[in-house]
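Trainee: The following block contains the structure, expressed as structure tokens.
Protein chains: 2
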Amino acid sequence: MVQVAVLGYGTVGSGVVEVIEKNKEKINLRSEAELNVKYILDLRDFPGDPYEDKVVHDINLILEDEEVKIVCETMGGIEPAFTFSKRALELGKSVCTSNKELVAAHGPELLEIAKANKCNYLFEASVGGGIPIIRPMNYSLTAEKIESITGILNGTTNYILTKMEREGADFSEVLKEAQEKGYAERNPEADVEGHDACRKIAILSSLMTGKYVKYQDIYTEGITKISAEDFRYAKELQTSIKLLGMSKDTKDGYEAMVAPFMISDDHPLHAVNGVFNAIFVHGNMLGDSMFYGRGAGKLPTASAVVSDVVDCARHLGKTIICIWDKEELSLKDYRDSSKEFFLRVKKEGWEKAKELFEIQQVVEIIDGEVGIVTKEMTERAFEEKAAKLPEMITRIRMEK
Amino acid sequence: MVQVAVLGYGTVGSGVVEVIEKNKEKINLRSEAELNVKYILDLRDFPGDPYEDKVVHDINLILEDEEVKIVCETMGGIEPAFTFSKRALELGKSVCTSNKELVAAHGPELLEIAKANKCNYLFEASVGGGIPIIRPMNYSLTAEKIESITGILNGTTNYILTKMEREGADFSEVLKEAQEKGYAERNPEADVEGHDACRKIAILSSLMTGKYVKYQDIYTEGITKISAEDFRYAKELQTSIKLLGMSKDTKDGYEAMVAPFMISDDHPLHAVNGVFNAIFVHGNMLGDSMFYGRGAGKLPTASAVVSDVVDCARHLGKTIICIWDKEELSLKDYRDSSKEFFLRVKKEGWEKAKELFEIQQVVEIIDGEVGIVTKEMTERAFEEKAAKLPEMITRIRMEK
Numbered sequence: 023m024v025q026v027a028v029l030g031y032g033t034v035g036s037g038v039v040e041v042i043e044k045n046k047e048k049i050n051l052r053s054e055a056e057l058n059v060k061y062i063l064d065l066r067d068f069p070g071d072p073y074e075d076k077v078v079h080d081i082n083l084i085l086e087d088e089e090v091k092i093v094c095e096t097m098g099g100i101e102p103a104f105t106f107s108k109r110a111l112e113l114g115k116s117v118c119t120s121n122k123e124l125v126a127a128h129g130p131e132l133l134e135i136a137k138a139n140k141c142n143y144l145f146e147a148s149v150g151g152g153i154p155i156i157r158p159m160n161y162s163l164t165a166e167k168i169e170s171i172t173g174i175l176n177g178t179t180n181y182i183l184t185k186m187e188r189e190g191a192d193f194s195e196v197l198k199e200a201q202e203k204g205y206a207e208r209n210p211e212a213d214v215e216g217h218d219a220c221r222k223i224a225i226l227s228s229l230m231t232g233k234y235v236k237y238q239d240i241y242t243e244g245i246t247k248i249s250a251e252d253f254r255y256a257k258e259l260q261t262s263i264k265l266l267g268m269s270k271d272t273k274d275g276y277e278a279m280v281a282p283f284m285i286s287d288d289h290p291l292h293a294v295n296g297v298f299n300a301i302f303v304h305g306n307m308l309g310d311s312m313f314y315g316r317g318a319g320k321l322p323t324a325s326a327v328v329s330d331v332v333d334c335a336r337h338l339g340k341t342i343i344c345i346w347d348k349e350e351l352s353l354k355d356y357r358d359s360s361k362e363f364f365l366r367v368k369k370e371g372w373e374k375a376k377e378l379f380e381i382q383q384v385v386e387i388i389d390g391e392v393g394i395v396t397k398e399m400t401e402r403a404f405e406e407k408a409a410k411l412p413e414m415i416t417r418i419r420m421e422k
Numbered sequence: 023m024v025q026v027a028v029l030g031y032g033t034v035g036s037g038v039v040e041v042i043e044k045n046k047e048k049i050n051l052r053s054e055a056e057l058n059v060k061y062i063l064d065l066r067d068f069p070g071d072p073y074e075d076k077v078v079h080d081i082n083l084i085l086e087d088e089e090v091k092i093v094c095e096t097m098g099g100i101e102p103a104f105t106f107s108k109r110a111l112e113l114g115k116s117v118c119t120s121n122k123e124l125v126a127a128h129g130p131e132l133l134e135i136a137k138a139n140k141c142n143y144l145f146e147a148s149v150g151g152g153i154p155i156i157r158p159m160n161y162s163l164t165a166e167k168i169e170s171i172t173g174i175l176n177g178t179t180n181y182i183l184t185k186m187e188r189e190g191a192d193f194s195e196v197l198k199e200a201q202e203k204g205y206a207e208r209n210p211e212a213d214v215e216g217h218d219a220c221r222k223i224a225i226l227s228s229l230m231t232g233k234y235v236k237y238q239d240i241y242t243e244g245i246t247k248i249s250a251e252d253f254r255y256a257k258e259l260q261t262s263i264k265l266l267g268m269s270k271d272t273k274d275g276y277e278a279m280v281a282p283f284m285i286s287d288d289h290p291l292h293a294v295n296g297v298f299n300a301i302f303v304h305g306n307m308l309g310d311s312m313f314y315g316r317g318a319g320k321l322p323t324a325s326a327v328v329s330d331v332v333d334c335a336r337h338l339g340k341t342i343i344c345i346w347d348k349e350e351l352s353l354k355d356y357r358d359s360s361k362e363f364f365l366r367v368k369k370e371g372w373e374k375a376k377e378l379f380e381i382q383q384v385v386e387i388i389d390g391e392v393g394i395v396t397k398e399m400t401e402r403a404f405e406e407k408a409a410k411l412p413e414m415i416t417r418i419r420m421e422k
């Protein structure tokens, strides 16, 4: 019997208990052990809950119980999750987490502690919810030099953008509806400003490079300025607008960014709609591959946490290899990266725009303005030219 | 130093040597060992090849060399691959293979021998080429009860169907062109008749159930009868025609089948075009997920074989869990499975068709015939009714 403790009995934590219970037979078979949830740590009580007798309020009860070999940290946030995880690992208890904030902020440190104590710190659920991506990167793409990762990493924003596209609605309208339906938080900033996607692409970039990519270094732009008009242009250009997390190994350094992009309709990410997420990986031998599924939600996320629990149970007393060094990777200044840009310019700025930009396509579908697709240029060059063009209404990056 | 032997220096085998050489640094880091290709077994010599001095003609040289810990079987076919793999495993040498024929025919037996000799029989490259799917099923989806798998599992047929769709061309025309370009074999039967996809869905079905699904038991239909006219109807119905391998856990038993299907344009598999493959997996907790990438080709397939080599190197002397029992799973008679059907009927059969079938949609786009979509019905009921309708031109199954 392998005893498990769940820290935080919220959406994901209660999902973990449910998954372990519902798929018990399959899970025990694959773990080659019998898993049992012995404790659930939460500040609250849950009278009437089928597992109410497992609920405890003191972390020390769990840490001091030598029977507990695996801890699921589904609390979210940095503290007290960080302290609890560290203490568990120091005691040789493996930790499985869905907490992307903590993984992005302290991943390498926690991995090091796990290694020193012959246990594991696993975080499959921290990126892409239920989509297997961390384990495929660590266990499957081992013969590859991964050259780029492009992901739709946040379900809330993808839901909003898909709805804007399909209904021709504006951002604020759709956000309100999403909040009413529970698809967006009352305080939606972490999602709509791209912070959540930024944590996730930071984690993926770290695994891609084996070094520590700090999320604070990644240029991040959200979707709050995207309008119904932008989607009219997107359609005309046979693209869709998606919030992408990107990471690329280029000749002159690594670049990473989170921003809304127009993505063409022959790109596999184009068809990823609603709350679904997908991670597009390009390897030097493999070429293109993509991992698709539910990027959030109670049971898909819990399923990923429990897959980590199974992996820990299979490797009790042994650390599974995860190459993520403490050494920080310095990213290229995003201004030195090159792209094509789409911009909307008021009619009166059109002559000036023609002088400033090398233009590859012009779209005229809205009165009083012109849509322009530039040739590839650096972000820096774009910013300099855009500063001379007060008639510019908006700009969106493009990805082929 | 971990010594590796490659059996068969054809497309995949030479790819394996190339991948190990090109990505040496990353691969050794992830293997926590230095890998070296010591032997290449082939009947031929390769004068001028950079690795010509590694080429040997006698399997015993490899089997008797105790330094060789890992063998890549990239010969294809049942014999002598089966005998060589068995002998290697009996000597405690792990075997990594791209040989779907052998895995589908003797997988459980070879896994058992590997287990008895504390080594591994791994076959990531046998399904989906470079797409990580075997390892995600065995290591990642461990908290799931997988309820269905639907795959585009053969690159050649998907290339042909995509080209037929885009160019309005007929099967034989496109096949000829594909053969000239080397995308299809001179003897294309294994691909176009669905035999290759059948081996692959048999392997996936076995991993899904943990039992032995024999490929001989899977009803298999190829794409040779699909015509340019069928694609005109497909387009009208907002679908595409894809050769699908399917496996489902239903209330009254497991069902598996390979056949061309009309698949609607909101299904993620709809956008999988050309030589790409994808495997769509539905789990009871996870919901829908999909794994996409290059299903064939020298380097992608070799990359998957080498990822197995890395896994073997990480687990020398230890067998990695793979639940695939020798016990045969008896599949449901395919005639008892239910679907919607599309059929084309000559105009003179239209009145009779209306009497025979419950019809949900009618399409009239070609003179002298009528296209019909039936409501869901069993294969058996369909066959019985179709036998009474000599005016039926063709029928294609539908998948939503």
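In the order they appear, the protein sequences are chains C and R.
Taking the working numbering, I'd label the letters of the first sequence as residues 23 to 422.
Taking the working numbering, I'd label the letters of the second sequence as residues 23 to 422.
Note that CB positions come from ideal geometry on N, CA and C, so glycine has one too.
(1) Give me the chain R residues within the contact set of C:L321, using Cβ-Cβ distance strictly less than 8 angstroms, ordered along the chain.
(2) Check whether chain C comes within 8 angstroms of R:P72, counting only Cβ atoms and requiring the distance to be less than that.
(3) I'd like to confirm the pairing. Which residues does DSSP put opposite R:L308 in its beta bridges?
(4) Anything in chain R within Cβ reach of C:Y241, meaning under 9 angstroms, just list it in chain order.
(5) Show which residues of chain C have a CB atom less than 8 angstroms away from the CB atom of R:I49.
(6) Taking the alpha helix (DSSP H) that C:V34 belongs to, which residues open and close that run?
(7) Would R:L57 and R:A335 qualify as a contact pair, given that the criterion is a beta-carbon distance under 8 angstroms?
(8) Could you pull out every residue in the same chain whose Cβ sits closer than 6 angstroms to the Cβ of R:T119, ignoring the five residues on either side in sequence?
(9) May I ask which residues mark the beginning and end of the alpha helix (DSSP H) holding R:S329?
(10) For the region 157–190 of chain C, which residues have a beta carbon sitting closer than 7 angstroms to at least one beta carbon of chain R?
(11) For R:N209, count neighbouring Cβ atoms within 10 angstroms of its own Cβ and tell me buried if that reaches 16, exposed if not.
(12) With a cut-off of 8 angstroms on the beta carbons, I'd call C:G150 and C:G315 a contact; round off their distance for me.
(13) Using only alpha-carbon positions, find the residue among R:H217, R:E189, R:P322, R:G317 that is nearest to C:M307.
(14) On a Cα-Cα basis, can you pick out the residue from R:A324, R:A126, R:A250 that is closest to R:E195?
(15) Taking only three categories from DSSP, how would you classify R:G173?
(16) Between C:I394 and C:A375, which are expected to be in contact by the criterion C-beta below 8 angstroms, what is the C-beta distance as a whole number of angstroms?
(17) Give the interface partners of R:G267 over in chain C, defined as CB-CB distance under 9 angstroms, in chain order.
(18) Just checking: is the beta-carbon of R:P154 within a distance shorter than 8 angstroms of some beta-carbon in chain C?
(19) Any contact of the region 112–132 of chain R with the region 225–238 of chain R, i.e. 3+ C-beta pairs under 8 angstroms?
(20) Return no unless some Cβ of chain R is closer than 8 angstroms to the Cβ of C:F283.
(21) Would you mind working out which of C:T396, C:P282, C:V332 sits nearest C:I182, comparing C-alpha positions?
(22) Could one say the Cβ of C:S148 lies closer than 8 angstroms to chain R's Cβ atoms, at least one of them?
(23) Quick one: which chain C residues come within Cβ less than 8 angstroms of R:I345?
(24) Using 10 angstroms around the beta-carbon of C:T105, count the other beta-carbons present and answer buried if the total reaches 16, otherwise exposed.
(25) Does the separation of the CB atoms of R:T179 and R:I245 fall below 8 angstroms?
(26) Report the CB separation of R:V39 from R:V28 in whole angstroms; it is logged as a contact under 8 angstroms.
(27) Confirm, please, whether the CB-CB distance from R:R357 to R:I415 is below 8 angstroms.
(28) Using 8 angstroms for Cβ pairs, my map puts R:M186 next to R:F253. What's the rounded Cβ distance?
(29) May I ask you to report which of helix, strand or coil DSSP gives R:E391?
(30) Going by CA-CA distance only, name the one from C:M268, C:T272, C:V294 that's closest to C:T261.
(31) Residues of chain C with CB under 7 angstroms from R:N142, in chain order?
(32) If we ignore side chains and look at the alpha-carbon of each, how far apart do C:T396 and C:E380 end up?
(33) Using a cut-off of 7 angstroms between C-beta atoms, extract the partners of R:F313 located in chain C.
(34) For C:A7, decide whether its Cβ has a neighbour in chain R, counting only Cβ atoms nearer than 8 angstroms.
(35) Given this structure, state the Cα-to-Cα distance separating C:K76 from R:K264, to the nearest angstrom.
(36) Determine the burial state of R:H79: buried for a count of at least 16 other Cβ atoms within 10 Å of its Cβ, exposed for fewer.
Mentor: Looking at the atomic coordinates:
(1) M307, L308, G309
(2) no
(3) DSSP output for R:L308 lists no bridge partner at all.
(4) Under the 9 angstroms cutoff, chain R gives no residues; its nearest Cβ is about 27 angstroms from C:Y241.
(5) T164, A165
(6) 33–44
(7) yes
(8) E95, F145
(9) 320–336
(10) R157, P158, Y161, S162, L163, T164, A165, E166, K167
(11) exposed
(12) 7 angstroms
(13) R:P322
(14) R:A250
(15) strand
(16) 6 angstroms
(17) Correct list: empty, because the minimum Cβ distance to chain C is about 18 angstroms.
(18) yes
(19) yes
(20) no
(21) C:P282
(22) no
(23) L51, R52
(24) exposed
(25) yes
(26) 6 angstroms
(27) no
(28) 6 angstroms
(29) strand
(30) C:V294
(31) Under the 7 angstroms cutoff, chain C gives no residues; its nearest Cβ is about 13 angstroms from R:N142.
(32) 6 angstroms
(33) F313
(34) The question about residue 7 of chain C has no answer here: the residues shown for chain C are numbered 23 through 422.
(35) 50 angstroms
(36) exposed
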